[in-house]
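Numbering (my numbering), first residue to last: 2 to 121.
Shown next, in the form of C-alpha coordinates:
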(Lines of atoms letter the chains of each structure in order from A and count residues from 1; the text may use other names and numbers.)
(Lines give C-alpha, C1' and ligand atoms only; values in the text may rest on other atoms or scores of the structure.)
Protein backbone atom coordinates (compact mmCIF):
# COMPACT_ATOMS: atom_id res chain seq x y z
CA UNK A 1 0.00 0.00 0.00
CA UNK A 2 2.87 2.36 0.77
CA UNK A 3 4.38 1.97 -2.71
CA UNK A 4 1.06 2.74 -4.35
CA UNK A 5 0.71 5.93 -2.27
CA UNK A 6 4.24 7.06 -3.26
CA UNK A 7 3.47 6.59 -6.97
CA UNK A 8 0.17 8.49 -6.70
CA UNK A 9 1.92 11.31 -4.83
CA UNK A 10 4.69 11.48 -7.45
CA UNK A 11 2.18 11.69 -10.31
CA UNK A 12 0.24 14.46 -8.52
CA UNK A 13 3.46 16.47 -8.06
CA UNK A 14 4.41 15.98 -11.72
CA UNK A 15 1.03 17.37 -12.74
CA UNK A 16 1.16 20.22 -10.23
CA UNK A 17 4.72 21.43 -11.05
CA UNK A 18 4.82 20.97 -14.83
CA UNK A 19 7.65 23.43 -15.61
CA UNK A 20 9.89 22.10 -12.84
CA UNK A 21 9.21 18.52 -13.95
CA UNK A 22 9.91 19.39 -17.59
CA UNK A 23 13.19 21.15 -16.76
CA UNK A 24 14.28 18.28 -14.54
CA UNK A 25 13.59 15.73 -17.30
CA UNK A 26 15.33 17.96 -19.86
CA UNK A 27 18.40 18.18 -17.62
CA UNK A 28 18.51 14.42 -17.21
CA UNK A 29 18.15 13.88 -20.97
CA UNK A 30 20.91 16.42 -21.77
CA UNK A 31 23.17 14.82 -19.16
CA UNK A 32 22.67 11.34 -20.61
CA UNK A 33 23.34 12.63 -24.14
CA UNK A 34 26.50 14.45 -23.00
CA UNK A 35 27.78 11.40 -21.15
CA UNK A 36 27.11 9.17 -24.17
CA UNK A 37 28.96 11.59 -26.45
CA UNK A 38 31.99 11.81 -24.16
CA UNK A 39 32.23 8.03 -23.89
CA UNK A 40 31.84 7.67 -27.67
CA UNK A 41 34.56 10.25 -28.32
CA UNK A 42 36.88 8.47 -25.90
CA UNK A 43 36.31 5.10 -27.53
CA UNK A 44 36.72 6.62 -31.00
CA UNK A 45 40.02 8.21 -30.02
CA UNK A 46 41.19 4.93 -28.51
CA UNK A 47 40.32 3.06 -31.71
CA UNK A 48 42.10 5.67 -33.84
CA UNK A 49 45.27 5.38 -31.78
CA UNK A 50 45.13 1.58 -31.88
CA UNK A 51 44.74 1.61 -35.68
CA UNK A 52 47.77 3.88 -36.03
CA UNK A 53 49.80 1.64 -33.75
CA UNK A 54 48.79 -1.38 -35.84
CA UNK A 55 49.85 0.40 -39.04
CA UNK A 56 53.19 1.24 -37.46
CA UNK A 57 53.68 -2.46 -36.81
CA UNK A 58 55.11 -4.54 -34.03
CA UNK A 59 58.44 -4.90 -35.79
CA UNK A 60 59.09 -1.17 -36.05
CA UNK A 61 61.16 0.92 -33.69
CA UNK A 62 61.78 4.64 -33.51
CA UNK A 63 64.97 6.03 -32.00
CA UNK A 64 65.07 9.67 -30.91
CA UNK A 65 68.03 11.75 -29.83
CA UNK A 66 67.64 13.87 -26.74
CA UNK A 67 69.74 16.38 -24.91
CA UNK A 68 71.00 13.81 -22.45
CA UNK A 69 68.87 15.26 -19.67
CA UNK A 70 66.81 13.29 -17.23
CA UNK A 71 63.63 11.46 -18.31
CA UNK A 72 63.92 12.30 -22.02
CA UNK A 73 64.10 16.02 -21.32
CA UNK A 74 64.03 18.16 -24.47
CA UNK A 75 66.87 20.45 -25.46
CA UNK A 76 66.80 24.05 -24.36
CA UNK A 77 66.15 26.71 -27.02
CA UNK A 78 69.32 27.23 -29.05
CA UNK A 79 70.89 23.98 -27.83
CA UNK A 80 71.83 21.64 -30.65
CA UNK A 81 71.44 17.91 -30.12
CA UNK A 82 74.51 15.99 -31.24
CA UNK A 83 73.91 12.61 -29.64
CA UNK A 84 72.52 10.97 -32.78
CA UNK A 85 73.49 11.73 -36.39
CA UNK A 86 72.25 10.43 -39.78
CA UNK A 87 75.55 8.52 -40.14
CA UNK A 88 74.61 6.56 -37.03
CA UNK A 89 71.49 5.29 -38.80
CA UNK A 90 73.55 3.98 -41.72
CA UNK A 91 75.97 2.35 -39.29
CA UNK A 92 73.12 0.56 -37.50
CA UNK A 93 71.72 -0.71 -40.81
CA UNK A 94 75.12 -2.10 -41.80
CA UNK A 95 75.78 -3.73 -38.45
CA UNK A 96 72.34 -5.17 -37.65
CA UNK A 97 71.25 -7.55 -40.40
CA UNK A 98 67.62 -7.77 -39.29
CA UNK A 99 67.02 -4.08 -40.10
CA UNK A 100 65.07 -3.94 -43.36
CA UNK A 101 64.46 -0.22 -43.80
CA UNK A 102 65.76 2.93 -42.21
CA UNK A 103 64.44 6.49 -42.46
CA UNK A 104 66.58 9.05 -40.63
CA UNK A 105 65.21 12.56 -40.28
CA UNK A 106 66.20 15.75 -38.55
CA UNK A 107 63.55 17.59 -36.61
CA UNK A 108 64.32 21.12 -35.54
CA UNK A 109 62.39 22.39 -32.56
CA UNK A 110 61.98 25.86 -31.13
CA UNK A 111 62.28 27.57 -34.50
CA UNK A 112 61.33 31.20 -35.11
CA UNK A 113 58.97 31.95 -37.98
CA UNK A 114 59.07 35.47 -39.41
CA UNK A 115 56.29 37.01 -41.49
CA UNK A 116 56.80 40.66 -42.41
CA UNK A 117 57.22 42.39 -39.04
CA UNK A 118 55.80 39.54 -36.98
CA UNK A 119 57.57 36.53 -35.55
CA UNK A 120 56.62 33.56 -33.41
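Even glycine gets a Cβ: it sits at the ideal position worked out from N, Cα and C.
Treat the numbers as computed from the prediction; the structure is a model and nothing was measured.
Those residues which DSSP pairs with residue i across a bridge
i: residue 115; result: 120
C-alpha gap between residue i and residue j, whole angstroms
i: residue 44; j: residue 53; result: 14 Å
i: residue 30; j: residue 114; result: 48 Å
i: residue 121; j: residue 106; result: 24 Å
i: residue 66; j: residue 117; result: 33 Å
i: residue 51; j: residue 42; result: 14 Å
i: residue 93; j: residue 40; result: 44 Å
i: residue 7; j: residue 15; result: 12 Å
i: residue 13; j: residue 26; result: 16 Å
Delimiting residues of the alpha helix (DSSP H) encompassing residue i
i: residue 25; result: 19-57
i: residue 88; result: 87-96
Beta carbon of residue i nearer than 9 Å to that of residue j
i: residue 103; j: residue 88; result: no
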